[in-house]
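Report on the following structure.
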Amino acid sequence: MHGFLIKRLLQMLLALIGVSIVVFALMHIVPGDPVRVALGTRFDQELYDSLRQRLGLDRPLVEQYFSWLRGALSGDLGVSFRNGQPVTALILERLPATMTLAFAALLIALLVAIPAGIISAVKSGTALDYTVSAASQVGISMPDFWAGVMYILLFSLALGWLPSSGFTPISESFTGWLSHLILPALTVGLISGSIITRFVRSAVLEALNQDYVLTARSKGLSEWQIVRRHVLPNAWIPIVTVVGLQLGFLLGGVVVVEVIFAWPGLGRLALIAVKDRDFTVLQGAVLYIAFMFLLINLVVDIVYAFLDPRVRVS
Amino acid sequence: MSDSAATGKLAPKPESRAKETLKALFANRLAVAGLVVLVLLIFVGIFGKAIAPYGINEINIADRLKPPSAAHWFGTDDLGRDVLSRVVVAARVSLQVGFIAVGFSLVVGVPIGLVAGYFRKGIDSLLMRMMDILFSFPAILLAIAILAVLGPGLGNAMIAIGLVYTPIFARITRGSVLVVSEEVYIRAARSLGARDVRLIFRHILPNVLAPIIVQTTLSLAFAILSEAALSFLGLGVQPPNPAWGRMLSEGRNFFKQAPWMGIFPGVAILLTVMAFNFIGDGLRDALDPKQKSVIESRGRSA
Numbered sequence: 001m002h003g004f005l006i007k008r009l010l011q012m013l014l015a016l017i018g019v020s021i022v023v024f025a026l027m028h029i030v031p032g033d034p035v036r037v038a039l040g041t042r043f044d045q046e047l048y049d050s051l052r053q054r055l056g057l058d059r060p061l062v063e064q065y066f067s068w069l070r071g072a073l074s075g076d077l078g079v080s081f082r083n084g085q086p087v088t089a090l091i092l093e094r095l096p097a098t099m100t101l102a103f104a105a106l107l108i109a110l111l112v113a114i115p116a117g118i119i120s121a122v123k124s125g126t127a128l129d130y131t132v133s134a135a136s137q138v139g140i141s142m143p144d145f146w147a148g149v150m151y152i153l154l155f156s157l158a159l160g161w162l163p164s165s166g167f168t169p170i171s172e173s174f175t176g177w178l179s180h181l182i183l184p185a186l187t188v189g190l191i192s193g194s195i196i197t198r199f200v201r202s203a204v205l206e207a208l209n210q211d212y213v214l215t216a217r218s219k220g221l222s223e224w225q226i227v228r229r230h231v232l233p234n235a236w237i238p239i240v241t242v243v244g245l246q247l248g249f250l251l252g253g254v255v256v257v258e259v260i261f262a263w264p265g266l267g268r269l270a271l272i273a274v275k276d277r278d279f280t281v282l283q284g285a286v287l288y289i290a291f292m293f294l295l296i297n298l299v300v301d302i303v304y305a306f307l308d309p310r311v312r313v314s
Numbered sequence: 315m316s317d318s319a320a321t322g323k324l325a326p327k328p329e330s331r332a333k334e335t336l337k338a339l340f341a342n343r344l345a346v347a348g349l350v351v352l353v354l355l356i357f358v359g360i361f362g363k364a365i366a367p368y369g370i371n372e373i374n375i376a377d378r379l380k381p382p383s384a385a386h387w388f389g390t391d392d393l394g395r396d397v398l399s400r401v402v403v404a405a406r407v408s409l410q411v412g413f414i415a416v417g418f419s420l421v422v423g424v425p426i427g428l429v430a431g432y433f434r435k436g437i438d439s440l441l442m443r444m445m446d447i448l449f450s451f452p453a454i455l456l457a458i459a460i461l462a463v464l465g466p467g468l469g470n471a472m473i474a475i476g477l478v479y480t481p482i483f484a485r486i487t488r489g490s491v492l493v494v495s496e497e498v499y500i501r502a503a504r505s506l507g508a509r510d511v512r513l514i515f516r517h518i519l520p521n522v523l524a525p526i527i528v529q530t531t532l533s534l535a536f537a538i539l540s541e542a543a544l545s546f547l548g549l550g551v552q553p554p555n556p557a558w559g560r561m562l563s564e565g566r567n568f569f570k571q572a573p574w575m576g577i578f579p580g581v582a583i584l585l586t587v588m589a590f591n592f593i594g595d596g597l598r599d600a601l602d603p604k605q606k607s608v609i610e611s612r613g614r615s616a
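Protein chains in written order, with my numbering: chain A, 1 to 314; chain B, 315 to 616.
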């Protein structure tokens, strides 16, 4: 297990270095001078000079990369081109909203996917199975922004049950927080749930076809006892993987859904940075999101290895 | 394959395999439904401008925000343009982006996978680590970051989506090459003095095509979704040209008065993506039942 952990940690470190190079390169591939581009019509020589100097753009590229990396490692991702605010503060400010949406969406996804996937596999080939499969197929193919807009149309505009956009911190009002959270979480959660349902179904089906299930059946165990005692413990592993991957995406910020619901998360921060050509903020947000994504992948792999000894050995 | 190798038979002839695959595909009702929708879409994509009842930018303020009627089946938008005509013409954009972006991923990703899987060692590690780095970004975020550098627009969106999906093709190809290059017929060809290039293109590539074909179809679905998301965010197709994602985002401000502005483009995206998913699933069952889609397990992100 130790060998596996060290190998996996080294791989992540390598990937992180690669990611940091790609993210750093972003700003330097932009045709022309990024500061000039960012300032656009608001060009001002004094501001321009101070920004360039502050960003160290007059130094050699390799030196710039290492100084940026050193900063990033100590939590300093530079300042916004637009308003001079520290990028790290901007990211941290957005983090609670992104986390709230990610976990709420995952909760909805699991509440839907686990029962639906198990029932669909146990009742494989029946009308119920086809209905679940068809619904998850629609969920997988549905553009999330369209689903979001349809929910707004139905639950906000037509029925008036829930607010159509915005965010209220839980510290201000619990009901306000919940009512703003439901629609974006449903939008993302049902789509994630459709993907997870398919995996749960196939993992359970595969476990159901194993010899030990036949043995259990011949011992006279009921179908639900078999599922609970023999199938689920074995079907867990692939399910954990796909759930982890989904969480990685959700924590990265679901850009489009955040835009539709005016949700103040990381994805929207990245998009606003693109529109403003605020490259330091974009760099910081992308670096942070990729880091989260890699970290979750690492955790998933470790959990996987913990659950399945074969992975550790191979 | 191992049976045929053990008895010294050759790999099955490509024609008979293609025939069997098609037979299995046509036996799958969902895949057939997907194919029918795809054929219709391609027809609409080619002849869109001729079929569309009105011009895509025919502005008629007097008729703005009109609900669906005999004159305008899908209603009209805020400028009085016919929504049906715009949905029909936008089909071409979606298909074009899908095919070109996935074509890009194929042309770049498959050779990388072939080289990495065939030569192994250092070059394999180098190439695959590079692919891992690209794979470390959530797809839509990477596409947005690339568009931030290249600037918004249809062509750049195709490159961005193509780059995002390249590592998937490299990984799938490499994995299959690793398995196939151990086969007896490859070793036999090598011992007969076949060169690397000939071995790769003549003997290995045809035998790793199945998972690549399946992935291509499924990736088309995701590429079309990604384009719609990017156009929705204003980073893909630029106005006044119609694109389904763009139309939806334009319709957002008028949802109370004119929900049809967003409903129909959304249904068009949903049907197109479902068609490709059905065909992809059908092909997977027919060609390569054991493969699980890498994209699917990665999840979709938008």
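Where is the CB? At the ideal position from N, CA and C, for every residue including glycine. Keep in mind that this is a model prediction, so the values were computed, not measured.
The beta carbon of A:W236 is closer than 7 Å to those of L307 in its chain, skipping five residues each way along the sequence. For B:V587, the chain A residues whose Cβ falls inside 9 Å of its Cβ are I140, S141, M142, P143, in order along the chain. Excluding residues up to 5 positions away in sequence, S156, S179, H180 lie with their Cβ nearer than 7 Å to the Cβ of A:P163 in the same chain. Residue burial is scored here from C-beta neighbours: A:S173 has fewer than 16 other C-beta atoms within 10 angstroms and is therefore classed as exposed. Closer than 8 Å to the CB of A:L14 there is at least one CB belonging to chain B.
Taking the Cβ atoms as the reference, A:I195 lies roughly 6 Å from A:I140, within the contact range of under 8 Å. When the beta-carbon positions are compared, B:V491 and B:L428 come within less than 8 Å of each other. Take A:L190, set aside five residues on each side of it, and the residues of its chain with a beta-carbon closer than 8 Å to its own are I108, A109, V112, G139, A147, in chain order. Taking a beta-carbon distance threshold of 8 Å, B:K570 counts as an interface residue toward chain A. The beta carbon of B:R488 sits closer than 6 Å to those of G427, A430, G431, all from its chain and outside the five residues before and after it, given in chain order. Each of A:V132, A:M292, A:L77 was checked against the Cα of A:F24, and the nearest Cα belongs to A:L77. Interface residue (Cβ-Cβ distance to chain A less than 8 Å): B:R566 is classified as such. Taking 4 residues as the shortest admissible run, the region 89-176 of chain A contains the following complete alpha helix (DSSP H) segments, listed from N- to C-terminal end: 127-141, 144-151. Taking a contact to require three or more Cβ pairs closer than 8 Å, the region 255-274 of chain A and the region 112-127 of chain A do not qualify as touching. Of the candidates B:Y368, B:L513, B:I473, B:D510, the residue whose Cα lies closest to the Cα of B:S419 is B:I473.
Contact residues of the region 449-465 of chain B toward chain A are F449, S450, F451, P452, A453, I454, L455, L456, I458, A459, I460, L461, A462, V463, L464, G465 (C-beta to C-beta distance below 9 Å). Counting of Cβ neighbours within 10 angstroms places B:A376 among the exposed residues, the total staying below 16.
It is roughly 19 Å from the alpha-carbon of B:I360 to the alpha-carbon of B:A542.
In the three-state DSSP reduction, B:V551 falls in the coil class, being neither helix nor strand.
When the Cα atoms are used, A:L106 and A:P184 turn out to be separated by approximately 12 Å. A contact is defined here as three or more CB-CB pairs under 8 Å, and the region 585-595 of chain B meets this definition with respect to the region 340-352 of chain B.
Across the region 428-451 of chain B, CB contacts with chain A closer than 9 Å involve R443, M444, D446, I447, L448, F449, S450, F451, in sequence order along the chain. In the same chain as A:K123, and ignoring 5 residues on each side of it, the C-beta atoms closer than 7 Å to its own belong to D129, in chain order. Per DSSP, A:Q11 is one residue of the alpha helix (DSSP H) stretching across 2-29. At a beta-carbon threshold of 9 Å, the residues of chain B lying near A:V19 are I447, S450, F451, ordered along the chain.
Take A:L287, set aside five residues on each side of it, and the residues of its chain with a beta-carbon closer than 8 Å to its own are V19, S20, V23, A72, L77, in chain order. At least one CB atom of chain A sits nearer than 8 Å to the CB of B:L584. By the beta-carbon neighbour count (other beta carbons within 10 angstroms, threshold 16), B:Q571 is exposed. Under the 8 Å criterion on CB atoms, A:L282 is classed as interfacial with respect to chain B.
Interface annotation, B:L379: not in contact with chain A, CB-CB separation never under 8 Å. Rounded to the nearest whole angstrom, the C-alpha separation of B:L601 and B:Q529 is 11 Å. DSSP, read as helix, strand or coil, puts A:P86 in strand. Within chain A, Q137, I140, S141 have C-beta atoms less than 7 Å from the C-beta of B:N591, given in sequence order. At least one beta carbon of chain A lies nearer than 8 Å to the beta carbon of B:A543. Under DSSP, B:D396 shares a beta bridge with B:T390. Contact between A:F145 and B:F546 holds: their C-beta atoms lie close to 5 Å from each other, under 8 Å.
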